[in-house]
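J.: One structure coming up, written as structure tokens, with questions to follow.
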Amino acid sequence: MNSTTKLPTILWFLIPSLIGIFIFMLPISYTTDGQSQLTIPIAFISETAEMAFAPILQK
449 MNSTTKLPTI LWFLIPSLIG IFIFMLPISY TTDGQSQLTI PIAFISETAE
499 MAFAPILQK
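Just remember that my numbering sits 448 ahead of the position in the sequence shown, which is counted from 1.
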């Protein structure tokens, strides 16, 4: 495999990975009481969900 075929192969895997990381770290904003706004990344939500479902997943 020469270097001209390695670059498309690397980009084939690299670009979707970077898009996934960007979406995973994208902040979600929502209003808590009508005035103040809370912004949290999707990664925090998934971590919280994982802890909540840990007892079920360990069975």
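We treat Cβ as the ideally placed atom computed from N, Cα and C, and that holds for glycine.
Take P456 and list the residues in its own chain whose beta-carbon comes closer than 6 Å to its own, dropping the five residues that flank it on each side.
T.: No residues qualify anywhere along the chain.
J.: Which residues mark the beginning and the end of the alpha helix (DSSP H) in which L474 is found?
T.: No alpha helix (DSSP H) holds L474; DSSP gives it neither H nor E.
J.: State the CB to CB distance for the pair I490 and L505, rounded to an integer number of angstroms; the pair is presumed to be in contact (CB under 8 Å).
T.: Not really, about 19 Å apart at Cβ, beyond 8 Å.
J.: Quick check: the Cα distance between I488 and E495, rounded to an integer number of angstroms?
T.: Cα-Cα distance, rounded: 12 Å.
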